[in-house]
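Asker:
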Amino acid sequence: MEITWYLILSAFIFAIGAAGVISRRNPLVVLLCLELMLNAGNLALVAFSRMHGGEAGQVFALIVMVIAACEVVIGLGIIVAMYRNRLPIDIDQMSELRG
Amino acid sequence: MWFEDVLFFVAAIGALAGALGVVLLQNPFYSVLSLVCHLLGLAVLFLMLNAEFLAAAQVVVYAGAVMVLYVFVVAYIGGSDEPLRPEGGGLALLGPLFAIALAVELCIAFIASGLQALDSNGPEVGSRFGSPGNIGELLLTDFLVPFEAASFLLLVAAVGAVVLARRRRGLEDEGAGTMRSRHEAPPTETMDVRV
Amino acid sequence: MSATSYGWLVLAFPAAGTVVISLGWRLLPGRLPGWIATSAIFLAFLASIGALVDLLDHSEDERQLVDTAWTYASTGNFKAGLSILVDPLSVFMCLVVSGVSFLIHLYSVAYMGGDRGYARYFAYLNFFVFSMLLLVLAGNFVILIIGWAFVGAASYLLISYWYRRQTAVAAGIKAFVINVIGDVALVVAAFLILDKVGSLDLLPVFEKAGDTFARNDGTLVAACLLLLVGAFAKSAQLPLHTWLPDAMEGPTPVSALIHAATMVTAGVYLIARMHPLFEQAPAAADVGAIVGCATLLFAGTVALAVTDLKRVIAYSTISQIGYMVMGVSIAAYGAGLFHLMTHAFFKALLFMGAGSVIGAMAGVQDMDRMGGFRRAMPFTFITFTIGALALAGFPLTAGFFSKDEILAFELNRGGGYAVLGVLGYVGAFLTAFYAFRMVFRVFYGDPVPEAVELEGGHVAHGEPMNPMTGEPEDTDVGFPGPEHHVAERAWPMKGAMGVLAALALVGGYLSVPGISDVIEKFLEPTFADSRFHDTAPTDGAEVLGLVVGGVISIVAIGLAWWVYVREPGTATRIRERLPRVHAFLVNKWYFDELYEALFVRPVATFGGFGRRVIETDFVQGTIVGGATGIVRVGTSFARAIQTGYLRAYALLLLVGVAGLTLYFLINSS
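Right, here's the structure in full:
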């Protein structure tokens, strides 16, 4: 397939992920949608790497995966802390940082 | 080859279905499983793009480790079903709208792009393209700094996670008392801060 | 030592006196500040004599010496430096100023004893003498204006010397404000002259005046009128005279020095000094003569009615300076300046005598409560009467020769000036009358209780009170001092008054027509370029004028005797017969009320309007409040965005990214 198809697919996945981040209230699901967006980016990177014929894009995607893992770890840690402190698991309730 | 095209479409549909499932399913547990399906589809796509190592890493690390962690946390917390459309949520309408707008714009950008290379399958690459050997070599020569930085980041994340989620001896009751003790209670009264 | 070095010394001694007293007053016990100040002025007087001697050594043509200490502004072809001009006129003024100041300092050493602000008083007084000497020795307009301004400042400091008194402070402010009007006029005049002539140094300006300006040239007339405004403000002529009677709030020696002998004569000095300009602009000179004449009549009439002793003398000062202004305006320079000198003598003497009487009255200044001090205070009586005789122009006193010489000049010029001369004689009649009104009311008649006490050898003591309003005031601050001094008891006062009385008697012989011409001859080098140089009246005409003046003064004194001593109730009966005239005169022709309505009230209203509307409503409300209001509204929009909802922020991010992508898409297509 031409590279364009991969990119279009990546755009759709990104959009779906973004819609999910905005629509869902459960922080766990929000993190999952973030993962979706990151994966979409990875797909685009690998596609371009194939287009150029160089492996730099793949290395980039690998590092992105690492970062995604770290982020997930911290995010889940926060959610666990929220649960431990008997706070409601709902990001709409976590709105004290307002002006 | 027609085989590749079919494979592409199957993998793509799988990935999209998984993505939609993540967003639309109510139970967070089902969302996690849906994401796993998505990740597998993506791994196939990577393979088709000659990124073998990456595909393997995707399956092993992402689907294998990160998602397992997710499953643990979801089991611990016990996700409750929530309505997809929150009360008074104009955001739930606007979000998908703008997301679709973004997708359309990107597609226009890709299709109408002046890059001729996008219309091809990519140049001929050797069999070692995307192999672990090549990736490893790059990681240790050209991209050493990102590699080291990423490892450092992993260390920080691990330590941070432990600190965040540990159980503090003897503080649990006070910690609970100073914060909300009921799930559904509204957080705080709105404060009228005078400038 | 050259004359100019003496000139610098004349300035240095009072300045040093001021500095020493003001910095070291804590270390100077008792009356020492007074003696330091007095010796400083005495040294200045000696330096003036030195300058005089050295000046006489020069030939007649070379008697105008300029010395510049340093130039502090030099741009293009304009130079302004600290320069003094030592010539007969300035040496004459220095001698008069330092001589009379020395005697008044001597008087003050005793008069101000017991006052807690003793050192402050003498520091101010020395500063005043320094500024006056700076003014008369100035060699260019800049130094002149500096001296002018300092003199005004010193006057303010000294008038409101007893600053706990509300009336004194108000009087000081009034004097200063009116003086500032004169200062501004003087500065603008200097600018006009600088603009046309290109230099501010006096001698070059005078030399070029004839060439640069045509006769009655518009700019020159304007500049001279502004100079006149300055002179009138300083010398208390109509219409800027209202500050001088109020300035009697200051201590009596201050009134003697500033408002009789020196500061108020600065205006006369200015006109005399600027005579080349005034002669080139006769229109302005005529204005000066007319104003001088009007003033002397106005002040003479008011002095007939007021009852405060010091204020009668104050109006007499205004009147006599009117004579001097009239004299120098019609180019009778020698006569006008001679009258300045004799007036300094007898006016200072009158004030000193009044101070002694007020001391005997324990601070009361109202003539209605005085009477019969003749036996209690013989020395004061004699010296006061000598002063009054000189003021009235009694034959053979100093005032006789000086005042009537001016009037002889007037009649000699002819035309409209003769009318002014006749009016001057009318004024002389009034002068003699009110001078002896004072003498007879204070010293003749039945002795009042304070006089009886004094005859018994004991100075009266009363409750301390404000002499003008009569309200009691507390002297716990230490001033005015609790002691009252009488000339008979204090030798410094006696000495000063005695010297002045002698001068008031014999000073006239310096300029007897036909016999001696010392003043005219001495001042000639300064006024040699006057175009009226040869229009002096003949000796015969002068003698005639003197005789007329003498007769008028004797008649007026006789009339005063008849009204006040022979038939004591006459004055009261006249007052009852003409109540409105009396009220008009006692209220000083309602000038104060006029100025209050014309100037003070509108300015105060505008000030209130400014505070209410402009400051509070406009600046505070609209500008400040508006700016903060706009900021507040603007930031409230920004605050509305910070809802605290994570999803809203995420939406914003998404919208931003979509927008950017759209922008770049459009641009690249």
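Chains as they are written, first to last, in our numbering: chain A, 89 to 187; chain B, -15 to 179; chain C, 1248 to 1916.
All residues carry an ideal CB built from backbone N, CA and C; glycine is no exception.
Since we're looking at a predicted model, the values are computed, not measured.
Between C/Tyr1910, C/Leu1900, C/Ile1351, which lies nearest to C/Gly1602 when the distance is taken from Cα to Cα?
Answerer: Counted from its first residue, the third sequence places residue 1602 of chain C at position 355. Checked all of C/Tyr1910, C/Leu1900, C/Ile1351; the closest Cα to C/Gly1602 is C/Ile1351.
Asker: Measuring only the C-alpha atoms, how far is B/Glu89 from B/Gly117?
Answerer: For this step, residue 89 of chain B is matched to residue 105 along the second sequence. For this step, residue 117 of chain B is matched to residue 133 along the second sequence. About 38 angstroms.
Asker: Could you have a look at C/Ala1874 and say whether DSSP puts it in helix, strand or coil?
Answerer: By one-based count along the third sequence, residue 1874 of chain C stands at place 627. Here C/Ala1874 sits in helix by DSSP.
Asker: Between C/Arg1558 and C/Pro1492, which are expected to be in contact by the criterion C-beta below 8 angstroms, what is the C-beta distance as a whole number of angstroms?
Answerer: Along the third sequence, one-based indexing puts residue 1558 of chain C at 311. Along the third sequence, one-based indexing puts residue 1492 of chain C at 245. About 5 angstroms separates the two Cβ atoms, so the contact holds.
Asker: Out of C/Arg1622, C/Ala1623, C/Arg1621, C/Val1604, which one is the CA nearest neighbour of C/Met1614?
Answerer: As a working note, residue 1614 of chain C is residue 367 in the third sequence. For C/Met1614, the nearest C-alpha among the options comes from C/Val1604.
Asker: I think C/Gly1606 touches C/Met1744, with their Cβ atoms under 8 angstroms apart; what is that distance to the nearest whole Å?
Answerer: Position 359 of the third sequence holds residue 1606 of chain C. Position 497 of the third sequence holds residue 1744 of chain C. Between C/Met1744 and C/Gly1606 the Cβ distance is about 13 angstroms, and since that is not below 8 angstroms, they are no contact.
Asker: Rounding to the nearest angstrom, what Cα-Cα distance links C/His1705 and C/Gln1612 in this structure?
Answerer: Counting from one through the third sequence, the residue named residue 1705 of chain C turns up at place 458. Counting from one through the third sequence, the residue named residue 1612 of chain C turns up at place 365. So the alpha carbons of these two residues sit roughly 19 angstroms apart.
Asker: Based on DSSP bridge pairs, tell me the residues matched to C/Thr1315.
Answerer: One-based indexing of the third sequence puts residue 1315 of chain C at position 68. DSSP lists C/Ser1330 as partners of C/Thr1315.
Asker: Hey, is A/Val118's beta-carbon within less than 8 angstroms of any beta-carbon in chain B?
Answerer: Within the first sequence, residue 118 of chain A is the residue found at index 30, counting from 1. So, not an interface residue.
Asker: Could you please tell me which residues of the stretch 1869 to 1897 of chain C, in chain order, have their CB closer than 7 angstroms to any CB of chain A?
Answerer: Those would be Arg1886, Gln1889, Thr1890, Gly1891, Tyr1892, Leu1893, Arg1894, Ala1897, in chain order.
Asker: Starting from C/Ala1320, follow its DSSP beta bridges and name the residues at the other end.
Answerer: As a position in the third sequence, residue 1320 of chain C is number 73, starting the count at 1. C/Ala1320 pairs with C/Ala1327.
Asker: Counting beta carbon pairs with one atom in the stretch 1489 to 1507 of chain C and one in the stretch 1468 to 1477 of chain C, are three or more of them shorter than 8 angstroms?
Answerer: No contact exists between the stretch 1468 to 1477 of chain C and the stretch 1489 to 1507 of chain C.
Asker: My parser needs the alpha helix (DSSP H) runs of 4 or more residues fully inside the stretch 1396 to 1461 of chain C; what are they?
Answerer: Counting whole runs of 4 or more residues, the stretch 1396 to 1461 of chain C contains the alpha helix (DSSP H) stretches 1413 to 1444, 1449 to 1459.
Asker: Just mark C/Leu1261 as buried or exposed, buried being the case when its beta carbon has 16 or more other beta carbons within 10 Å.
Answerer: Here residue 1261 of chain C refers to the residue found at position 14 when the third sequence is read from its first residue. Per the sequence presented here, residue 1261 of chain C reads as Pro, with Leu not at that position. Buried is the call here.
Asker: I need the straight-line Cα distance from C/Glu1738 to C/Leu1596, nearest angstrom please.
Answerer: The residue given as residue 1738 of chain C occupies position 491 in the third sequence. The residue given as residue 1596 of chain C occupies position 349 in the third sequence. Correcting the residue identity first, residue 1738 of chain C is Trp in this sequence and not Glu. Straight-line Cα distance between these residues: approximately 15 angstroms.
Asker: Name the DSSP bridge partner or partners of C/Asp1613?
Answerer: By one-based count along the third sequence, residue 1613 of chain C stands at place 366. Per DSSP, C/Asp1555.
Asker: Thinking C-beta only, is B/Ala(-1) closer than 8 angstroms to B/Gly25?
Answerer: For this step, residue 25 of chain B is matched to residue 41 along the second sequence. For this step, residue -1 of chain B is matched to residue 15 along the second sequence. The answer is yes: Cβ separation under 8 angstroms.
Asker: Nearest chain F C-beta to B/Phe127 closer than 8 angstroms, yes or no?
Answerer: This model lacks chain F altogether, as its protein chains are A, B and C.
Asker: I need the straight-line Cα distance from C/Leu1256 to C/Met1685, nearest angstrom please.
Answerer: If you number the third sequence from 1, residue 1256 of chain C lands on position 9. If you number the third sequence from 1, residue 1685 of chain C lands on position 438. Going from the Cα of C/Leu1256 to the Cα of C/Met1685 covers about 41 angstroms.
Asker: Taking the Cβ atom as the reference point for each residue, do B/Val182 and B/Val16 lie within a distance shorter than 8 angstroms?
Answerer: Beyond the ends of chain B as shown, which are -15 and 179, falls residue 182 of chain B; an answer cannot be given.
Asker: Contact check, C/Gly1547 vs C/Ala1655 under 8 angstroms by CB: the rounded distance?
Answerer: As a working note, residue 1547 of chain C is residue 300 in the third sequence. As a working note, residue 1655 of chain C is residue 408 in the third sequence. About 19 angstroms; that fails the 8 angstroms criterion.
Asker: Please state whether DSSP places C/Asn1713 in a helix, a strand or coil.
Answerer: Translated into positions along the third sequence, residue 1713 of chain C becomes position 466. It is coil, neither helix nor strand.
Asker: Is there contact between the stretch 1291 to 1299 of chain C and the stretch 1315 to 1331 of chain C, where contact requires at least three CB pairs shorter than 8 angstroms?
Answerer: Cβ pair count under 8 angstroms is below three, so no.
Asker: Where does C/Ala1844 sit, in a helix, a strand or coil, going by DSSP?
Answerer: The residue labelled residue 1844 of chain C in the question sits at position 597 within the third sequence. Residue state, collapsed to three classes: helix.
Asker: Based on Cα-Cα distance, which residue from A/Pro176, A/Val161, A/Leu185, A/Arg186 lies nearest to A/Leu122?
Answerer: For the purposes of this step, residue 122 of chain A is taken as residue 34 along the first sequence, with counting starting at 1. Checked all of A/Pro176, A/Val161, A/Leu185, A/Arg186; the closest Cα to A/Leu122 is A/Val161.
Asker: Going along chain A, which residues have a C-beta under 8 angstroms from C/Leu1845?
Answerer: Mapped onto the third sequence, residue 1845 of chain C falls at position 598. What C/Leu1845 touches in chain A: nothing, since even the nearest Cβ is about 59 angstroms away.
Asker: Counting only beta-carbon atoms, is C/Leu1912 nearer than 8 angstroms to chain A?
Answerer: Position 665 of the third sequence, counted from the first residue, corresponds to residue 1912 of chain C. Chain A contact via Cβ: absent.
Asker: Under 8 angstroms, Cβ to Cβ, is there at least one residue of chain B near C/Val1902?
Answerer: Counting from one through the third sequence, the residue named residue 1902 of chain C turns up at place 655. At least one chain B Cβ lies under 8 angstroms of C/Val1902.
Asker: Can you list, in chain order, the residues of its chain whose CB lies under 8 angstroms from that of C/Asp1555, leaving out five sequence neighbours each side?
Answerer: Residue mapping note: residue 1555 of chain C aligns to position 308 of the third sequence, counting from 1. Excluding sequence neighbours, C/Asp1555 sits near Met1495, Gln1612, Asp1613, Met1614, Pro1714, Met1715.
Asker: State yes or no: is the C-beta of B/Gly106 within less than 8 angstroms of the C-beta of A/Ile91?
Answerer: Numbered from its first residue, the second sequence carries residue 106 of chain B at position 122. Numbered from its first residue, the first sequence carries residue 91 of chain A at position 3. A contact, by the Cβ cut-off of 8 angstroms.
Asker: Where C/Thr1819 and C/Trp1808 are concerned, what is the direct C-alpha to C-alpha distance, given to the nearest angstrom?
Answerer: As a position in the third sequence, residue 1819 of chain C is number 572, starting the count at 1. As a position in the third sequence, residue 1808 of chain C is number 561, starting the count at 1. Rounded to whole angstroms, C/Thr1819 to C/Trp1808 spans 15 angstroms at the Cα level.
Asker: Going by the beta-carbon positions, is the gap between C/Ala1480 and C/Ile1518 smaller than 8 angstroms?
Answerer: Counting from 1 along the third sequence, the entry for residue 1480 of chain C is found at position 233. Counting from 1 along the third sequence, the entry for residue 1518 of chain C is found at position 271. Their beta carbons are not under 8 angstroms apart, which means C/Ala1480 does not touch C/Ile1518 by this criterion.
Asker: Could you give the DSSP three-state label for C/Ala1707: helix, strand or coil?
Answerer: Sequence index remark: in the third sequence, residue 1707 of chain C carries index 460 (1-based). The answer is coil: DSSP assigns C/Ala1707 none of H, G, I, E or B.
Asker: Please state if the CB of C/Phe1592 and the CB of C/Gly1754 are separated by a distance shorter than 8 angstroms.
Answerer: Looking up residue 1754 of chain C in the third sequence gives position 507. Looking up residue 1592 of chain C in the third sequence gives position 345. Contact: yes.
Asker: Using the beta-carbon of each residue, which ones in chain B are nearer than 8 angstroms to A/Ile162?
Answerer: Within the first sequence, the letter at position 74 stands for residue 162 of chain A. Result: Ala141, Gly144, Ala145, Leu148.
Asker: Quick check: the Cα distance between B/Met181 and A/Met89, rounded to an integer number of angstroms?
Answerer: In the structure as shown, chain B begins at -15 and stops at 179. Residue 181 of chain B is therefore absent and cannot be evaluated.
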